[in-house]
Every structure is written in C-alpha cells, then in structure tokens.
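**Q** Quick one: structure below, then a few questions.
Residue numbers (my numbering): 4 to 53.
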C-alpha cells in the first residue's frame, strides 16, 4: 500500500491512516505509526516528498 503511494504526500497519509484503522489504532504521538503520521501532517518530513 505504501509503495504504491510513492512520493505523493496525500497518498502516503491516506495509506498510513488506512493501516492505522486496519490495526485498530488510535492516533497518538507516543505510538510509532501515529507519530510518523503526525510528523508528515506537520511537514516534518517534507524532503521525502520532493
């Protein structure tokens, strides 16, 4: 799922949110996947999407 998202920021975020829902996750900063999602939403990894 993430590989098909490529470098498109919105597609990566959609994939991360979907993975989170499939894993019954609750998005929290102390969770690794939740933290990564929040970081991408807050533009902390912007270099990955250029």
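All C-beta atoms, glycine included, are put in the ideal place defined by N, C-alpha and C.
Just so we're clear, the structure is a prediction, and the values are computed from it rather than from any experiment.
What residue range does the alpha helix (DSSP H) around residue 49 cover?
**A** Residue 49 -> no alpha helix (DSSP H), and no H or E assigned at all.
**Q** Roughly how many whole angstroms lie between the Cα atoms of residue 46 and residue 16?
**A** Distance between residue 46 and residue 16, taken at the CA atoms: about 11 Å.
**Q** Could you compute how far the alpha carbon of residue 20 sits from the alpha carbon of residue 49?
**A** Whole-angstrom Cα-Cα distance: 18 Å.
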